[in-house]
Amino acid sequence: MTKEELESLLRDKIPALPKKARKVAEYLLSNMREAAFRSIGEVADELNVSKAQLVRVSRILGFKGYADLKSALQKVILEQIDPVTMLVKAKERGEGLAPSILEAEHANLDSTWRMADKEKIDAFVELVKEANNIYCMGWGISSLVAETFYMRFRVMGLPGHMIKRGSLAMMEQVRGVKQGDMVIVCELPSYVVEVTEAVTKCASQKAKIMTITDTAAAPVCSVATLQFYVSALSPTFGSSIIGPLFLAHLLTSILSVELGEAARSALEEQLKFLHDERIFHPVFGLRY
563 MTKEELESLL
573 RDKIPALPKK
583 ARKVAEYLLS
593 NMREAAFRSI
603 GEVADELNVS
613 KAQLVRVSRI
623 LGFKGYADLK
633 SALQKVILEQ
643 IDPVTMLVKA
653 KERGEGLAPS
663 ILEAEHANLD
673 STWRMADKEK
683 IDAFVELVKE
693 ANNIYCMGWG
703 ISSLVAETFY
713 MRFRVMGLPG
723 HMIKRGSLAM
733 MEQVRGVKQG
743 DMVIVCELPS
753 YVVEVTEAVT
763 KCASQKAKIM
773 TITDTAAAPV
783 CSVATLQFYV
793 SALSPTFGSS
803 IIGPLFLAHL
813 LTSILSVELG
823 EAARSALEEQ
833 LKFLHDERIF
843 HPVFGLRY
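Residue 563 is where the sequence shown starts when you use my numbering, and the numbers rise one by one after that.
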């Protein structure tokens with residue numbers, strides 16, 4: 563069953579369902595990714611319905627039970643991030659691919675912007691101000707977002723540190739993370755076991771955890787102090803980082819203003835560095 567077929571099934575069934583069953587079906591339609599990776603108990607608690615109600619709705623939809631429905635949801639989600647499936651769909655679009663990418667990225671930016679409310683942004687600023695060290699963590703494409711935070715923190719004179727898979731496993735790198743520290747982790751699909759274990763260890767060591775994910779169902783969210791959500795849909799590769807990078811740019815830009823004199827002093831020093839002709843070509847007089 564494809565994503566479109568499952569969505570069509572839910573839409574067709576919703577009008578005839580009783581109130582509680584309709585509530586479940588509407589949740590499944592709007593939150594496929596969360597439902598795919600959450601347990602039946604977590605979904606039941608979220609909707610304030612019984613597990614039996616979830617099983618009944620699953621059977622109404624034509625599945626053997628909730629486990630069968632969840633399996634179908636997971637298959638749909640995994641197909642969305644499967645590069646082979648995406649390549650086939652991209653070829654089918656042909657000349658229409660470029661406009662669809664443009665539309666998708668506009669949607670990613672708009673959605674990410676709507677989810678970045680002021681209360682969360684203020685909480686981010688306070689966590690950074692209070693942190694003894696700020697660890698930026700990511701795996702694969704997510705590490706590009708984490709590295710953006712790390713670079714911005716260093717430019718502002720903040721104690722930023724980068725954690726990604728390299729000579730040391732992540733579990734080795736987080737050994738020194740402690741109370742008073744902050745960990746910023748970006749985790750886009752597919753979710754990585756080592757990242758989850760490393761973040762969980764940081765939380766057990768009393769560090770504050772800030773997560774950047776595409777859904778609350780991402781495993782790292784279970785130990786988060788502060789959660790930001792981004793839209794990262796892509797018609798070709800698994801995840802787009804346009805939305806996540808925009809969030810990194812937004813948060814660090816606001817932070818630079820909120821830090822006041824400390825950030826201004828660091829940025830003035832950065833300006834001098836950028837004009838160091840031992841490193842950079844002179845800005846003026848070049849033909850680009």
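Glycine included, every Cβ here is placed at the ideal spot set by N, Cα and C.
Per DSSP, reduced to three states, the secondary structure at Thr-814 is helical. A direct Cα-Cα distance of roughly 7 Å separates Met-732 from Val-757.
Cβ neighbours of Leu-788 within its own chain (closer than 7 Å, five residues either side excluded): Lys-682, Ala-685, Phe-686, Leu-689, Met-772. Taking one beta carbon from each stretch, the segment 772-783 and the segment 743-763 have 3 or more pairs nearer than 8 Å; the two touch. Judged by beta-carbon spacing, Leu-795 lies beyond the 8 Å limit of Ala-634, meaning their Cβ atoms are not closer than that value. When DSSP reads this structure, Gln-789 sits in a beta bridge with Thr-773.
Following the DSSP letters along the chain, one finds Met-677 in no beta strand (DSSP E) but inside the alpha helix (DSSP H) bounded by residues 659-677.
Proximity of the segment 816-831 to the segment 693-700 falls short of the contact definition, fewer than three beta-carbon pairs being nearer than 8 Å.
Non-local beta-carbon contacts of Glu-588 in its own chain, meaning distances under 7 Å to residues more than five positions away in sequence, involve Ile-576 in chain order.
In this structure, Cys-748 sits away from Val-717, with a CB-CB distance that is not shorter than 8 Å. DSSP places Met-732 within a helical segment (H, G or I) once states are collapsed to three. A direct Cα-Cα distance of roughly 8 Å separates His-837 from His-843. Val-747 carries a strand assignment under DSSP once its states are collapsed to helix, strand and coil. Selection Glu-608, Leu-623, Gly-603 evaluated against Ala-614 yields Gly-603 as nearest (Cα-Cα). If you ignore the 5 residues before and after Gly-627, its C-beta comes within less than 8 Å of the C-beta of Val-617, Ser-620, Arg-621, all in its own chain and listed in chain order. Cβ contact annotation for Leu-631 (same chain, cutoff 6 Å, sequence separation greater than five): Ser-620, Phe-625, in chain order. Residue environment for Pro-721: exposed (fewer than 16 other C-beta atoms within 10 angstroms of its C-beta). The Cβ atoms of Ala-825 and Ser-818 sit closer than 8 Å to each other. In this chain, the beta strand (DSSP E) harbouring Tyr-697 covers 696-699. For Met-724, the uninterrupted beta strand (DSSP E) segment begins and ends at 722-725. When C-alpha distances from Ser-592 are compared across Ala-578, Arg-573, Ala-606, Pro-580, the shortest belongs to Arg-573.
Around the C-beta of Ala-669, fewer than 16 other C-beta atoms lie within 10 Å, and the residue is accordingly described as exposed.
Collapsing the DSSP output to three states places Lys-768 in coil. A direct Cα-Cα distance of roughly 43 Å separates Val-586 from His-723.
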